[in-house]
Structure formats: structure tokens, C-alpha cells
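Visitor: Before anything else, here's the structure in question.
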Amino acid sequence: MSKIRILSDALASQVAAGEVVERPAAVVRELVENSLDAGATHIEVAVSRGGSSLIRVTDNGSGMVREDAMLSIERHATSKIKTKEDLAAIYTFGFRGEALPSIASVGRFRLLTRETNALSGTEIEIHGGKLIAVRDSGCAPGTSIELRSLFYNVPARRKFLRTESTEWAHVEQQFRLHAIANPQVAFTLIKDDEPVFHLPATENMMERIRGLVGDELAQRLLPVMEVERFGVAIHGFIGGPGFSRSNKQMQLTFLNGRCIESPSLHYGVREGYHTTLMKGQYPVTFLFVRMDPHAYDVNVHPAKKEVRFHDGNAVREAMSRAIQDTLNRSRALPQGHPTGRSVPFVPEDKAEPIIPIVPPPQQVELPIPVAEKSALRRDWSELPVAPSPAVRVSPAPAIEQEVAPPAAHFVPSAPPTPPVAQPSTPKQPGDEFKILGVLGKLYVLMESPEGLVLMDQHAAHERVLFEKMRTAMETEGVPTQRLLMPLMLHVSPRDYELLSRNLPSLAKLGIEAEPFGANTLKIDTLPTFMRTDDPAALLSQVVDELASLSSKSSSLRLGEDMIATTVCRHAVKANDHLREPELASLIRDLMQCEMPYCCPHGRPTLIQISYGELDKKFGRRAP
Ligand code: ADP
Ligand code: MG
5 MSKIRILSDA LASQVAAGEV VERPAAVVRE LVENSLDAGA THIEVAVSRG
55 GSSLIRVTDN GSGMVREDAM LSIERHATSK IKTKEDLAAI YTFGFRGEAL
105 PSIASVGRFR LLTRETNALS GTEIEIHGGK LIAVRDSGCA PGTSIELRSL
155 FYNVPARRKF LRTESTEWAH VEQQFRLHAI ANPQVAFTLI KDDEPVFHLP
205 ATENMMERIR GLVGDELAQR LLPVMEVERF GVAIHGFIGG PGFSRSNKQM
255 QLTFLNGRCI ESPSLHYGVR EGYHTTLMKG QYPVTFLFVR MDPHAYDVNV
305 HPAKKEVRFH DGNAVREAMS RAIQDTLNRS RALPQGHPTG RSVPFVPEDK
355 AEPIIPIVPP PQQVELPIPV AEKSALRRDW SELPVAPSPA VRVSPAPAIE
405 QEVAPPAAHF VPSAPPTPPV AQPSTPKQPG DEFKILGVLG KLYVLMESPE
455 GLVLMDQHAA HERVLFEKMR TAMETEGVPT QRLLMPLMLH VSPRDYELLS
505 RNLPSLAKLG IEAEPFGANT LKIDTLPTFM RTDDPAALLS QVVDELASLS
555 SKSSSLRLGE DMIATTVCRH AVKANDHLRE PELASLIRDL MQCEMPYCCP
605 HGRPTLIQIS YGELDKKFGR RAP
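All residue numbers for the sequence shown refer to this note's numbering, where the first residue is 5 and numbers rise by one.
As C-alpha cells, then:
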């Protein structure tokens with residue numbers, strides 16, 4: 005007897021639902037995407053008991069006539085693509101025609117829909133994939149889709165639901181992603197009958213972000229000016245140097261309006277931040293990538309979260325450069341920018357003496373939380389109530405327990421304008437700091453016009469050495485030592501090939517090598533700043549770096565990590581006693597660095613506690 009049989013439609017939908025509808029947040033994603041595809045300008049998401057009791061998405065989009073409504077719940081029924089050519093470039097969120105039948109197969113489903121000018125609408129009820137009723141309905145124009153008792157008929161799946169609060173947190177995160185990607189659409193989120201967000205439509209991306217994450221975080225973001233490189237246009241907002249999170253929840257990248265994950269984007273972001281990001285930390289990004297939909301394939305993941313780029317390297321490189329440019333620019337922000345604060349030094353051009361242009365303002369308050377304060381905060385969830393017009397009504401639990409973000413630290417910004425008077429003697433960068441003493445043989449206490457500044461002397465020295473070494477490498481090449489006896493290094497065939505292809509890059513690093521055949525490299529020189537007792541270890545580090553660099557990445561990036569580790573060994577340590585003139589010159593050198601605010605490993609070098617912050621702590625001013 006034959007054993008193979010065709011699955012019934014209901015069962016096939018449940019199987020497909022396993023991929024599409026893994027949890028309430030996924031239902032929300034699919035329904036909101038449908039509403040967006042239907043051209044809605046207002047979308048309301050309502051969820052009860054973490055989604056297990058109710059998920060309802062209501063929109064004012066195109067609606068459907070009865071015939072389409074009946075088709076929409078059939079498997080592989082879609083209005084969005086017709087031919088296989090359409091699949092090569094997808095302009096809509098949906099295209100698989102799978103979501104509605106999948107959703108209808110795993111709960112009590114009700115669809116209400118009415119085309120704008122139709123006399124009446126249609127109501128369809130389906131329980132566990134079984135059609136229960138189709139009737140006329142006097143509903144509002146648009147579509148409302150409701151799913152109650154999620155997984156009531158699939159107990160095995162129900163068991164996999166996490167706690168209500170966890171599922172809710174995922175729903176909320178999903179909602180945020182849609183809301184950020186579509187500021188032109190008004191969004192409402194309702195939890196257990198209580199409104200949580202009401203976000204009016206806006207043309208202003210920053211306003212939408214602020215509505216979702218609160219003022220405090222929003223004002224620490226730097227704008228990424230849109231530039232197109234290799235056919236990839238990128239714009240948005242990112243956290244400045246040293247501003248990071250311990251999880252990826254706020255490293256958001258959108259591709260043509262779709263929030264996606266992709267190694268090319270991820271590595272591009274990391275490469276862009278490079279030495280300004282601490283190990284194990286994730287940056288905060290709201291980045292929007294626009295590119296021709298022919299240049300990638302979204303049809304690789306049932307939840308459409310991943311894409312495959314035809315030229316991943318171009319995307320990675322464009323991303324990395326967009327971030328680098330923004331971080332570099334952040335040293336000289338124009339006034340009035342969200343993060344534009346009055347920090348009185350902006351050593352923009354290292355060749356020119358730096359002159360603080362006007363006396364610092366009388367009362368300066370940097371909206372930067374101090375360490376303990378930020379330790380109490382958790383990402384997204386416990387951010388302050390969003391300002392009007394966006395209303396954040398109630399707090400909610402975070403998806404995962406968080407580790408506190410690192411201490412907030414100095415963010416560069418512009419000098420106050422306009423220029424008033426030039427002091428007669430040109431001042432040096434760092435002159436505005438008055439050294440008060442050294443705490444715990446490590447932290448240099450300084451007074452600035454704006455309050456207290458703490459400098460980690462070790463981290464600061466690391467940054468200074470790092471930039472000196474990098475400049476040397478970029479200009480005259482690193483100092484090398486010629487070995488008395490050339491070193492014969494035997495490596496794996498793969499590494500041999502990689503190293504042989506990159507001899508000029510190696511030379512820049514001070515490693516003169518020659519392929520000697522039989523997977524052996526003859527090494528004549530090594531950089532003086534390297535420990536040479538273990539050249540094999542050094543070379544394997546180089547190989548790792550070479551392998552991790554994209555073909556289009558600047559070869560100057562090569563070696564940065566190595567320099568960073570090396571300088572760490574040479575830099576003054578905690579406990580090293582520095583006399584005041586040495587400290588003063590360290591501060592000056594630091595302030596002349598391209599990126600003075602963090603060490604090459606991304607840790608902060610300077611932390612500021614403003615007078616405003618101190619006043620609050622001592623109860624002189626309401627927090
Ligand atoms: P897909 O979105 O991949 O096409 P779905 O199963 O999600 O597949 O939806 C099937 C079809 O139902 C869509 O192609 C669309 O024509 C219609 N549809 C679904 N949701 C809505 C909505 N909110 N408003 C208007 N039409 C909708
Ligand atoms: Mg869909």
C-alpha cells in the first residue's frame with residue numbers, strides 16, 4: 005500500500021503556519037505588513053494577554069471586495085506578484101500569499117473588510133482553518149483582522165509560547181520596527197484595552213524615533229546624511245562614539261522599509277564603528293538603506309527577515325563608510341542639532357591652534373545620564389514617557405534582562421556660535437581643563453567650564469598612542485626591524501594563499517615577506533612596536549584580519565586591531581604615577597586625536613558630570 009498522501013489544506017496551512025506564525029509578534033508583523041501594502045495611513049494594533057487571547061490589526065487601507073476577501077484566505081493567494089519576473093524585484097512587504105491562511109489555521113480568526121466606496125463590507129469567520137461564516141457587515145472602510153485563542157487547536161505550539169510579558173515585549177518590539185520604518189503612517193498600540201502608544205503621522209523621522217524611544221536617547225543620536233555609494237543609499241540616525249548597548253535590540257537596519265538582518269549590513273555597521281565600539285557591545289542605529297530591489301533577494305526566509313544581496317561587499321562598504329563619515333563629522337556638529345551640546349572644545353583641524361571662541365555659557369546642562377543613573381535604565385522599555393505629541397502611556401517589560409549600558413561619556417559637539425572675541429594668545433586644546441588631582445592612581449579629576457570631567461589615564465594614553473601609530477602606518481609606514489636571519493614561517497595552504505596575495509598590505513604593517521614555496525613565507529622585517537618573540541602568533545592575527553576584511557575595505561583598516569592591542573601593552577597603566585606636566589600633555593595630545601572620546605577598544609576616555617547633574621544630585625534642582 006502506498007504511504008505518501010497529499011496533506012489536507014487545513015493541515016498544510018498549519019504546517020506552513022509553523023514557519024510564518026511562530027509567535028504573536030509574527031502575526032502582528034504579517035498583519036501590519038498587509039495593512040501597509042494596502043496603503044493604510046492609520047494602523048491600530050491591539051493585543052491582549054501577550055497575544056494569546058487577542059491580536060487585532062485594524063487599518064484604513066484599500067479594503068477588499070467579497071471575492072478578494074474569500075481568496076485572501078486561500079493558500080498561495082496574493083494580489084502582489086503575478087509572474088516569476090515579479091519575484092526578482094519585490095516592492096511590497098507580502099508576496100508569498102501565505103500569511104492569512106496560516107494565521108486563520110491556528111486560532112479563531114475574523115476578517116472584516118470593506119472597500120472605501122462599497123456599500124457594505126464582508127465578514128469572514130474561520131476557526132482553526134475551518135470556514136464558519138461569511139456574511140455582509142456594516143464595518144468601516146478598511147480591514148480589521150482579529151485572531152483570538154491563538155493555538156487553541158494546536159496544543160503542541162501553545163506550549164512553546166513564553167510568558168505573557170515576554171510575548172508582549174516581542175509584539176512591542178515588532179510594533180516599533182514598523183512604526184520607525186513608516187513615520188508617514190499613524191500607529192496606535194493597545195495592550196489589554198489600554199493605549200500604549202499613539203504616534204501621529206509625521207514627515208520627520210526624528211520625531212517618530214523620539215516618540216518611540218523618548219527624548220533622552222533621541223538627543224544622543226547623530227544624523228547620517230544620505231549619500232549613495234555603489235548604488236546603496238543610506239541615511240538615518242546612529243549613536244555617537246561610546247554610546248552602545250549590551251544587546252542588539254537597538255541596532256536596527258531597514259532595507260527599503262523592511263527591518264532586516266543581514267551579515268553584510270551587520271559587519272558594515274561594526275566596521276564603521278570599529279575602534280569606537282567596546283567588545284561585546286552593540287551600537288544604536290536607525291539606518292535606512294535604499295537600493296534597487298533587483299539587487300537583492302528577500303525570498304530566502306519565511307519571515308522575510310533576511311535578504312541575500314547580490315553584492316554584499318558593496319553594501320557592507322557603503323554602510324561602513326556612512327557610519328565612519330558620521331562619526332568623523334560628529335566632532336563638529338552645527339548648533340541646534342539634537343546632540344549639539346556646548347562642549348567648549350572642537351579640535352577640528354589639528355594643524356591649527358584651537359581657540360575656544362566664546363566663553364562657555366553660564367549654565368550648561370548636558371543631558372547625559374551619569375553612570376549609576378543609566379545603570380538603572382533598561383533599553384526601550386523604561387525610557388521616559390515620550391513627549392507630546394506622541395504619547396507613551398504605560399511602561400512595559402523589556403524582552404530580555406539587560407546589562408546596564410556603559411557609562412555615558414563625552415559626546416563631541418560644536419562650540420557656541422557666533423564667534424565673539426578671540427583671546428590674544430592662542431590656546432591649546434585641552435586648556436579648558438584644570439587638573440584637580442588623580443583618583444585611585446587612574447582617574448584624573450578635572451574641572452571644565454561645564455562641571456567635572458574624569459579621564460581614564462590609561463585609556464587616554466592608549467588612544468593617543470593608537471592614533472600616532474596609525475598615522476605613522478598610513479604615511480611613512482611603520483618603523484621596522486630587519487631580522488638578522490630571515491624567518492621561515494610555515495603556514496596552512498589557505499593562509500599561504502591569503503598572505504601571498506596581500507604582500508603590499510603586509511609591508512605597510514612593517515612585515516616584509518616573500519613567498520618561498522611549499523607553504524612557507526620568508527620574513528625579513530617585523531614592525532618594531534610588535535613583540536617579535538612569537539612571529540607565528542603575530543602572523544596568525546594578521547591572517548584573521550585579512551580574512552575578515554571585505555575585498556573593498558580599505559587596507560588601512562588592516563592592522564588597526566593589532567595596533568590597538570599593542571598600544572595597550574605600551575600605554576601607561578593604572579597605578580603609574582604621572583606628574584602634572586605629563587598629565588597636561590596627555591590631555592593636550594588626547595584632545596588633538598581624531599576620536600578623543602574613547603580608547604581604541606571603544607571604552608570611554610572621558611566622562612563628564614555637568615553642574616546640572618551635580619545640582620540634581622545634591623537636591624539643588626528638581627531631577
Ligand atoms: P501576501 O501578503 O503575501 O500577498 P497574505 O496572505 O498576507 O499574502 O494576504 C493575501 C492577500 O490578501 C494580499 O495579497 C492582499 O491582496 C489581501 N490582503 C491581506 N490583508 C489585507 C489588508 N489589510 N487590506 C487589504 N488587502 C489585504
Ligand atoms: Mg501578507
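Yeah, the Cβ is synthetic: ideal placement off N, Cα and C, and Gly gets one too.
#1: Relative to the C-alpha of Thr475, which residue among Ala73, Gly55, Val304, Cys597 is closest?
#2: Leaving out five residues before and five after Ser324 in sequence, what residues of the same chain have Cβ atoms less than 6 Å from its Cβ?
#3: Determine, using beta carbons only, whether Phe99 and Ile77 come nearer to each other than 8 Å.
#4: Out of curiosity, what's the CA-to-CA distance linking Leu513 and Val495?
#5: Mind reading off the beta-carbon distance from Phe247 to Arg224? Whole number of angstroms is fine, and I expect it under 8 Å.
#6: Do Ala73 and the ligand MG come close, with the Cβ less than 7 Å from some heavy atom?
#7: With DSSP as the reference, identify every bridge partner of Met459, one or two as the case may be.
#8: Regarding Asn260 and the ligand MG, is the C-beta to nearest heavy atom distance less than 7 Å?
#9: Assuming the contact rule is C-beta atoms closer than 8 Å, Gly67 and Gly146 should be a hit. Round their C-beta distance to whole Å, please.
#10: Quick check on Lys577: does DSSP put it in helix, strand or coil?
#11: Short of 6 Å in beta carbon distance, which residues of its chain neighbour Thr257, apart from the five on each side in sequence? Order them along the chain.
#12: Which same chain residues end up closer than 6 Å to Asp499 when comparing Cβ atoms and leaving out the 5 residues on each side of it in sequence?
#13: Hey, is the stretch 474 to 494 in contact with the stretch 605 to 616, meaning 3+ C-beta pairs nearer than 8 Å?
#14: Under 7 Å: does the beta carbon of Ala476 sit that close to some heavy atom of the ligand MG?
#15: Using a 10 Å radius around the Cβ and a threshold of 16 neighbouring Cβ atoms, would you call Ser266 buried or exposed?
#16: Let's see if you can read the secondary structure: which residues bound the beta strand (DSSP E) around His46?
#17: Can the beta-carbon of Arg139 be found closer than 8 Å to that of Glu127?
#18: Runs of 3 residues minimum, wholly inside the stretch 100 to 124: which ones carry the beta strand (DSSP E) assignment?
#19: Measure from the alpha carbon of Thr289 to the alpha carbon of each residue in Lys252, Thr280, Thr279, then state which is nearest.
#20: Any heavy atom of the ligand MG inside 7 Å of the beta-carbon of Glu34?
#21: Flag this pair as touching only if the stretch 232 to 240 and the stretch 318 to 334 have three or more C-beta atom pairs under 8 Å; answer yes or no.
#22: Please report the Cβ distance between Tyr447 and Leu458, rounded to the nearest whole angstrom; I am assuming they are in contact, meaning their Cβ atoms lie under 8 Å.
#23: Measuring only the C-alpha atoms, how far is Ser57 from Ile130?
#24: Please say whether Leu525 and Leu550 have beta carbons closer to each other than 8 Å?
#25: So is the beta-carbon of Arg100 under 7 Å away from any non-hydrogen atom of the ligand ADP?
#26: Using the Cα positions of Lys88 and Ser52, report the straight-line distance between them to the nearest angstrom.
#27: What's the gap between the Cα of Thr120 and the Cα of His182?
#28: In the DSSP assignment, the alpha helix (DSSP H) including Gly243 goes from what residue to what residue?
#29: Using a Cβ-Cβ cut-off of 7 Å (strictly less than) and excluding sequence neighbours within five positions of Thr96, which residues of its own chain qualify?
#30: Indicate the three-state DSSP secondary structure (helix, strand or coil) for Phe247 in the structure shown.
#31: If I measure Cβ to Cβ from Ala50 and keep anything under 6 Å in the same chain, skipping five residues before and after, which residues do I get?
#32: Find out if the Cβ-Cβ distance for the pair Val228, Gly240 is shorter than 8 Å.
#33: Which word fits Gln188, buried or exposed, when buried means at least 16 other C-beta atoms lie within 10 angstroms of its C-beta?
#34: List the endpoints of the continuous beta strand (DSSP E) containing Ala517.
#35: I need the straight-line Cα distance from Ile136 to Ala318, nearest angstrom please.
#36: Tell me which residue opens and which closes the beta strand (DSSP E) that Thr257 is part of.
Guide: By the coordinates alone:
#1: Cys597
#2: Gly272, Glu275, Gly276
#3: no
#4: 19 Å
#5: 6 Å
#6: no
#7: Val448, Leu610
#8: no
#9: 5 Å
#10: coil
#11: Leu269, Leu291
#12: Val547
#13: no
#14: no
#15: buried
#16: 46 to 52
#17: yes
#18: 112 to 118
#19: Lys252
#20: yes
#21: yes
#22: 5 Å
#23: 16 Å
#24: no
#25: yes
#26: 39 Å
#27: 24 Å
#28: Segment 236 to 243 is the beta strand (DSSP E) holding Gly243; no alpha helix (DSSP H) there.
#29: Asp41, Lys84
#30: coil
#31: Arg60, Ile194
#32: yes
#33: exposed
#34: 516 to 519
#35: 51 Å
#36: 255 to 259
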